[in-house]
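Here is the structure we will look at, set down as structure tokens.
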Amino acid sequence: MLPEEAGDFDREYRQAMNEAVETLELTGVLALLRRWQRVAWSSRDERAHRRMLERADQLSAGETVAAEPWSVTHARLGL
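Anchor point for the sequence shown: position 64 equals 507 in our numbering, and the numbering is continuous, going up by one each time.
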């Protein structure tokens, strides 16, 4: 996970744990950990993760983002 994401994780984790204490239910905590596990996997390649975050910000702002069809990505990555 990127250093600037650690605070978001910590805040969300604390909130999920507080809810779990009140409800005696761990479903929210487990869902949060699964989601952040995907973030950790994605950020193993820091440059690619940062590019993805930039593109997500652009899309959220309504900007057009260059993309390629999945079949092209698939072939390019040798999958």
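Heads up, the beta-carbon is just placed ideally off N, CA and C, and yes, glycines get one too.
Owing to the predicted nature of the structure, the values given are computational and were not obtained by experimental measurement.
Going by beta carbons, Val482 and Phe452 fall inside the 9 Å limit. Per DSSP, the continuous alpha helix (DSSP H) segment holding Arg498 begins and ends at Glu489 to Ser503. Here Glu455 is near Leu475, since their CB atoms are less than 9 Å apart.
Met444 sits in coil when the DSSP states are folded into three classes, being neither helix nor strand. In the same chain as His517, and ignoring 5 residues on each side of it, no C-beta atom comes closer than 6 Å to its own.
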